[in-house]
Amino acid sequence: MDYNYLAELLFPDVTMTEQELEEKFPPRILKEGSIVSRMAPSPTGFVHLGNLVQGLTSERLCHQSNGILFLRVEDTDQKREVAGAVDVLINTLKHYNINFDEGATVDGDSGNYGPYRQRQRKDIYHVYAKRLVREGKAYPCFCTEEELAKNHEQQEALKENFGYYGKWAIWRDRSIEDIETQLKLGMPWVLRFRSNGSIDNKIKFTDCIKGNLELTENDIDHVLLKSDGIPTYHFAHAVDDHLMRTTHVVRGDEWLSTLPFHIQLFTALGFKVPKYLHIGPLMKMDGDSKRKLSKRKDPELALTFYKQEGYPAESLYEYILTVLNSNYEDWRRMNPDAPTDDFKFSFKKMNPAGSLFDEAKLNDVSKNVISRMTSDKVYELSSEWAREYDPELYDEMTADPSYTKAIFSIGRGGKKPRKDLSVWKDVRGYIDFFFDNLFEIKDAYPDRFDKNDIKSTLSEFLKTFDVADDSGVWFEKIKDIADMLGFASDMKAYRENPEAYRGNVSDISMFIRIAITGKENSPDMYSVMQILGYDRVAQRINNMINSL
RNA sequence: GGCCCGUUGGUCAAGCGGCUAAGACACGGCCCUCUCAAGGCUGAAACAUGGGUUCGAUUCCCGUACGGGUCACCA
C-alpha cells in the first residue's frame, strides 16, 4: 500500500506543516516546575460540580506554581452544543473564582496558543491526521452506523469483546482500490487509528492521584476524525495538549479506561505524554448505596442549584477544597482570616476514590464562611441574591441599607461571631421581623403562663424602657420586673429552688421577645431593640398588650 | 459479560509494617446563657471479608464480596 498516495487522496488540502506549527506554538518559557493545565469543558449549557472540582484542582496547581491555566472549549460535538453555553460557562467559572490566564473568553480568544475553540482548529488536526496516514498509523473506514451496530450485536452473541478491532476492523487492511471506489462514490468516512496493541499486554503507568497503575493495552482502532472532519476528544486531546504545551491533565477518572489509547496516540504522534491526574467521581447516597451524582436525577449536581439556594461562591469553593485536601480544614482553623490562596494545595493529598457529596458539611462550611464576612459583605451578597430570588425581601432590605447592615452586624466581627446563616435563603427568616411589612407573630405564648403576667411584664417594661440605656441597665430593668412579679431574677437561685418562684427571668424575657420579634428565639434582644428604635418597640408592645 | 479503579466510625477523612487508630460534620449528654445561633467539655461510633508474607499487619501480596467507571462518528 502506498500510504503517501492515500494521504494525498484523503487530505489534498493540507498546506501547513508540522514544522510551522511547532514554531508558531513554541515550548513555553516558564520557571522549572511550573504547571500548565487547562479546563476543557464542552459547551452543553450545563455546568456542574464536577467541572468545578476539576477546574479548582487545575487552577490551584497552575497558579501555585507560577504556571498557566487556560480555557479550551471542546465544541467538537455540534449535536450537543447549546447556544450561549460558552458565555454561561465562562461567567460561572469566574463567579467561582477560577480565572484563566489565556483561552476562550466572552469576547473571543486571548493568548498565543489559540484558537482555543476546537472547531476552529480543524486545519491543525488535519496536518497530524495526514501524517499518521502517511506513516500507516491511520486509515479511512467507511462502515455505516448500522454495520457497527451489527458488529456489536454479534460480539454480544459470541461473547467477544466489543469494539472495532482485529477481524471486526473490516477496513483496516482494505486495498487502495476499494478505498478509492468508495471515495469516488462520495461515501462518508471516518479516520481510524491503526492500533498495534494487544489485550494480552499490560502497560505500567503512574497517575499523580491514583499512583501506580497496570492497564491493559488498547487494541481498538478508535475514531480519530469523524465524518465531518472534526476530531474526536481523543485526537483533539493529543494534538491540542501537545501544541498548547500542557504539562498536567486533570480530568475525571472515567477517562482511565481510554488512557492506554491516549498514551498510544501521543507516542504515535511523537509527542511527550503529559502527566495525568484522574479524579474520583462525586457520589451521593441513594437509599443504602452510593452512586455517582447524575445529571438527570440530582439537581444538586448543577451549579445553578447552589446559586438558587444562595450559597456564596466562596462556600462552595471552600467545601470542595476540604473534600480535595482534607488538611485544608485544619489550616483554615489555624488561619481564619487568611486568603484561601495562601493554602498550599497538593495533589498528593487527593483521595483516589470517589467522595460522597455531603450537604450537611457544605452547610457547616458555608455557615463559617458567612460568619467571617463583614456586615457590608453580607448585605451586598444577600441583597444580590434576593434581587433575583426574593424581590419582596429585596425591596425591604435595600430601602435603607444602613438599617439592614446594622441588623447583620449583630454579633458579627468578634472572636466568636454568630452563625445563623448557611445560605442567603436563610436571610429572610432571620431578619424579617425587623421590617414592619414582613413582621408577624409566629410563636404563641405557651399556655402555662398567666396572661396577666404577660401583660404586666409588657406594660412595666414599656414604662421604663429607654433606648439610651446600656445593656447592663437595660437588663437590670427586666430583672426588676421579674422580682416584682414573683419570677426569679437570678437563674442560679431559681435552679436551686424552682418551687419558690412562678418562673424566671428567661420567661420574662420571652414575654417581651415574642412581642418584639414574633418568635421565641432571636439574637440578643438588647441589640435588636437598639436597631428597631423606641417607636417600633413601643408600638409592638402596645399592639401585643391590646391583642391579649 | 470483558477490562480497570476503589473499600478506615452514619458522612468527609488522617494514617504508608509496631499508635489506647487523629480531626471535622451529623448525633447524645453536660456546662455557659435572657431565648436562639454559637462556644467549651464529654459520649457513642470504624480499618468489608478469607487466606497468605512477616516476630508483628489498617498498612504488603492473592482470592471473595460490595461499590464505582468504561467498552460511541459524547466528552
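Here the numbering used here is used: the first residue of the first sequence is 314, the next is one more, and so on. Heads up, the beta-carbon is just placed ideally off N, CA and C, and yes, glycines get one too.
(1) Where does alanine 482 fall in DSSP's three states?
(2) Could you give the residue range of the alpha helix (DSSP H) that holds proline 453?
(3) In three-state terms, what does DSSP make of methionine 352?
(4) May I have the straight-line CA-CA distance separating proline 501 from histidine 535, to the nearest angstrom?
(5) What is the DSSP secondary structure of phenylalanine 660, reduced to helix, strand or coil?
(6) Any idea what DSSP makes of aspartate 703, helix, strand or coil?
(7) Is it buried or exposed, glutamate 753, if we count other Cβ atoms within 10 angstroms and call 16 or more buried?
(8) Compute the beta-carbon to beta-carbon distance between arginine 505 and tyrosine 477, rounded to the nearest angstrom, for a pair I have assumed lies under 8 Å.
(9) Can you name the residues that DSSP bridges to glycine 869?
(10) How should proline 544 be labelled, buried or exposed, when 16 other C-beta atoms within 10 angstroms of its C-beta is the threshold for buried?
(11) Is it the case that the Cβ atoms of serine 695 and valine 740 are separated by a distance below 8 Å?
(12) Looking at C-alpha atoms only, which residue of Arg351, Leu362, Ile854 is the closest neighbour of arginine 558?
(13) Under the rule that 16 or more other beta-carbon atoms within 10 Å means buried, what is glutamate 622, buried or exposed?
(14) Can you tell which of Lys764, Asp796, Ala398 has the C-alpha that lies nearest to the C-alpha of alanine 287?
(15) To the nearest angstrom, report how far apart glycine 864 and alanine 757 are at their CA atoms.
(16) Which class does tyrosine 589 belong to by DSSP, given the choice of helix, strand or coil?
(17) Drop a sphere of 10 angstroms on the beta-carbon of threonine 580, count the other beta-carbons inside from all chains shown, and report buried for 16 or more, exposed for fewer.
(18) If you follow the beta strand (DSSP E) that lysine 407 is in, where does it begin and where does it stop?
(19) For lysine 620 versus leucine 614, is the C-beta distance shorter than 8 Å?
(20) I'd like to know if the segment 380 to 389 and the segment 399 to 413 are in contact, where contact means that at least 3 CB-CB pairs between them fall below 8 Å.
(21) Between phenylalanine 658 and glutamine 377, how many whole angstroms is the CB-CB distance? I'm expecting something under 8 Å.
(22) Just the C-alpha distance for threonine 357 and alanine 396, rounded to the nearest angstrom, thanks.
(23) Could you give the first and the last residue of the continuous alpha helix (DSSP H) run that contains leucine 634?
(24) For leucine 669, tell me which candidate among Ile437, Tyr546, Gln367, Ile633 has the shortest Cα-Cα distance.
(25) Run through the DSSP bridge pairs and tell me what valine 562 is partnered with.
(26) Provide the residue span of the alpha helix (DSSP H) that contains valine 862, from first to last.
(27) May I have a chain-ordered list of the alpha helix (DSSP H) segments no shorter than 4 residues that lie completely inside the segment 318 to 370?
(28) Compare the Cα-Cα distances from arginine 777 to each of Asp766, Ile767, Glu789 and report the closest residue.
(29) Is there contact here, the segment 780 to 787 with the segment 824 to 832, by at least three beta-carbon pairs under 8 Å?
(30) Inspect the beta-carbon positions of lysine 729 and asparagine 681 and report whether they are closer than 8 Å.
(31) Please say whether phenylalanine 574 and isoleucine 533 have beta carbons closer to each other than 8 Å?
(32) Considering only the beta carbon of each residue, do leucine 595 and valine 366 sit closer than 8 Å?
(33) Buried or exposed: which applies to asparagine 425, given that a residue is buried once 16 or more other Cβ atoms fall within 10 Å of its Cβ?
(34) Let me check understanding here. Comparing Cα to Cα, which of Met804, Trp644, Val818 lies closest to leucine 798?
(35) Would you mind working out which of Ile437, Asp388, Ile403, Thr370 sits nearest aspartate 267, comparing C-alpha positions?
(36) Could you spell out the range, first to last residue, of the alpha helix (DSSP H) harbouring asparagine 681?
For this structure:
(1) Residue numbering aside, residue 482 sits at position 169 when the first sequence is read from its first letter. The answer is coil: DSSP assigns alanine 482 none of H, G, I, E or B.
(2) Along the first sequence, one-based indexing puts residue 453 at 140. In the DSSP assignment, proline 453 falls outside any alpha helix (DSSP H) and within the unbroken beta strand (DSSP E) covering 451 to 454.
(3) For this step, residue 352 is matched to residue 39 along the first sequence. Methionine 352 falls in the strand class under three-state DSSP.
(4) Locating residue 501 in the first sequence gives position 188, where the first residue counts as 1. Locating residue 535 in the first sequence gives position 222, where the first residue counts as 1. Put simply, the backbone Cα of proline 501 is about 17 Å away from that of histidine 535.
(5) The residue labelled residue 660 in the question sits at position 347 within the first sequence. Phenylalanine 660: helix per DSSP, three-state reduction.
(6) What you label residue 703 is simply residue 390 of the first sequence in a count that begins at 1. DSSP, reduced to helix, strand and coil, places aspartate 703 outside both helices and strands of the structure shown, so it counts as coil.
(7) Here residue 753 is taken as the residue at index 440 of the first sequence, counted from 1. Glutamate 753 comes out exposed.
(8) Locating residue 505 in the first sequence gives position 192, where the first residue counts as 1. Locating residue 477 in the first sequence gives position 164, where the first residue counts as 1. Right, the Cβ-Cβ distance comes to about 7 Å (below 8 Å), so this counts as a contact.
(9) The structure shown does not extend to residue 869, since the chain spans only 314 to 861, so no value can be given for it.
(10) The sequence position of residue 544 within the first sequence is 231, counting from 1. With 16 or more other Cβ atoms within 10 Å, it is buried.
(11) Reading the first sequence from its first residue, position 382 is the one you call residue 695. Reading the first sequence from its first residue, position 427 is the one you call residue 740. At the C-beta level, serine 695 and valine 740 come within 8 Å of one another.
(12) The residue you call residue 558 lines up with position 245 of the first sequence. The residue among Arg351, Leu362, Ile854 with its C-alpha nearest the C-alpha of arginine 558 is Arg351.
(13) Counted from its first residue, the first sequence places residue 622 at position 309. It counts as buried.
(14) The shown model of the chain, from 314 to 861, leaves out residue 287, and the question about it has no answer.
(15) Any property of residue 864 remains undetermined from this structure, which presents the chain solely from 314 to 861.
(16) Sequence index remark: in the first sequence, residue 589 carries index 276 (1-based). Secondary structure of tyrosine 589 (DSSP, three-state): strand.
(17) Counted from its first residue, the first sequence places residue 580 at position 267. Counting the other Cβ atoms within 10 Å of the Cβ of threonine 580 gives fewer than 16, which makes it exposed.
(18) In the first sequence, counting from the first residue as 1, residue 407 sits at position 94. In the DSSP assignment, lysine 407 falls outside any beta strand (DSSP E) and lies within the alpha helix (DSSP H) extending over 398 to 408.
(19) Translated into the one-based positions of the first sequence, residue 620 becomes position 307. Translated into the one-based positions of the first sequence, residue 614 becomes position 301. Not in contact: lysine 620 and leucine 614 (Cβ atoms no closer than 8 Å).
(20) Counting Cβ pairs under 8 Å, three or more are found: they touch.
(21) Residue 658 sits at position 345 when you count from the first residue of the first sequence. Residue 377 sits at position 64 when you count from the first residue of the first sequence. By a beta-carbon distance limit of 8 Å, phenylalanine 658 contacts glutamine 377. Their separation comes to about 6 Å.
(22) For this step, residue 357 is matched to residue 44 along the first sequence. For this step, residue 396 is matched to residue 83 along the first sequence. For the pair threonine 357 and alanine 396, the Cα-to-Cα distance works out to about 8 Å.
(23) As a first step, residue 634 is located in the first sequence; it is residue number 321 there, counting from the start. Annotation: the continuous alpha helix (DSSP H) that includes leucine 634 extends over 626 to 637.
(24) Counting from one through the first sequence, the residue named residue 669 turns up at place 356. Here the closest residue by C-alpha is Ile633.
(25) Reading the first sequence from its first residue, position 249 is the one you call residue 562. The secondary-structure analysis by DSSP pairs valine 562 across a beta bridge with Tyr589.
(26) With the chain represented from 314 up to 861, any question about residue 862 goes unanswered, as that position is not in the structure.
(27) Counting only runs of 4 or more, we get 331 to 337.
(28) For the purposes of this step, residue 777 is taken as residue 464 along the first sequence, with counting starting at 1. With the sequence shown as reference, residue 777 is identified as threonine, and arginine is not the correct amino acid for it. Measuring from the Cα of threonine 777, the nearest candidate turns out to be Glu789.
(29) In short, these stretches do not touch, since the Cβ pair count stays below three.
(30) Stepping through the first sequence from its first residue, residue 729 is reached at position 416. Stepping through the first sequence from its first residue, residue 681 is reached at position 368. Judged by their CB atoms, lysine 729 and asparagine 681 are not nearer to each other than the 8 Å cut-off.
(31) If you number the first sequence from 1, residue 533 lands on position 220. If you number the first sequence from 1, residue 574 lands on position 261. Yes, these two residues count as a Cβ contact at 8 Å.
(32) Counted from its first residue, the first sequence places residue 595 at position 282. Counted from its first residue, the first sequence places residue 366 at position 53. In contact: leucine 595 and valine 366 (Cβ atoms closer than 8 Å).
(33) For the purposes of this step, residue 425 is taken as residue 112 along the first sequence, with counting starting at 1. Around the Cβ of asparagine 425, a 10 Å sphere holds fewer than 16 other Cβ atoms; the residue is exposed.
(34) As a first step, residue 798 is located in the first sequence; it is residue number 485 there, counting from the start. For leucine 798, the nearest C-alpha among the options comes from Val818.
(35) No answer is possible for residue 267: it lies beyond the span of the chain, which begins at 314 and ends at 861.
(36) Sequence index remark: in the first sequence, residue 681 carries index 368 (1-based). Element bounds for asparagine 681: 672 to 684.
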